[in-house]
Amino acid sequence: MSESEQTPPSPPRPVPADDSNIFFSVVTVFGTLFVVTVLVAVALAFGDPQIPMNQWLNRHLTTVLGAEVLFLIAAGVLAMAIDRMRTLSRMRADSQAEEDASEMSHETDA
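Going by the working numbering, the letters in the sequence shown line up with residues 471 to 580, in that order.
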């Protein structure tokens with residue numbers, strides 16, 4: 471039997487609470503802001519067109535929504551990239567620890 475068949479793969483380690491990714495919170499904030507902006511735009515569409523907020527949104531809504539979408543995408547990509555880098559780093563560390571433990575057990579067996 472090969473060595474990989476002898477030992478089952480170890481389950482992934484849970485992420486420590488202090489190792490959280492701040493960009494996931496940023497994605498949540500930008501997503502909420504986007505939804506609120508859309509809801510405000512819909513509500514104002516049924517309101518008085520002479521209200522200053524309605525006039526401002528009529529002029530700038532496309533720009534505001536475009537900026538929010540771009541920030542949302544950027545924060546999402548950053549969050550996923552950072553999460554992936556941390557996961558790969560953790561996997562490398564776990565793999566190295568398993569190799570070290572395997573070498574130690576082979577040394578004690580000999």
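For each residue, glycine too, the CB sits at the ideal point set by N, CA and C. For clarity, every value in this text was computed on a predicted model and none was experimentally measured.
Which same chain residues, not among the five before or five after residue i, have their C-beta less than 6 Å away from its C-beta?
i: Leu531; result: Ala511
i: Asp553; result: Asn491
For residue i, is the classification buried or exposed, using 16 other Cβ atoms within 10 angstroms of its Cβ as the cut-off for buried?
i: Phe500; result: buried
i: Ala515; result: exposed
Determine, using beta carbons only, whether residue i and residue j come nearer to each other than 8 Å.
i: Gly517; j: Asn528; result: no
i: Phe493; j: Leu548; result: yes
i: Val508; j: Ala545; result: no
Can you list, in chain order, the residues of its chain whose CB lies under 8 Å from that of residue i, leaving out five sequence neighbours each side?
i: Val534; result: Thr507, Leu527
Leaving aside the five residues before and after residue i along the sequence, list all residues of the same chain whose C-beta is less than 7 Å from its C-beta, in chain order.
i: Met574; result: none
Segment contact flag, the segment 499-513 with the segment 541-558, C-beta cutoff 8 Å, min 3 pairs: yes
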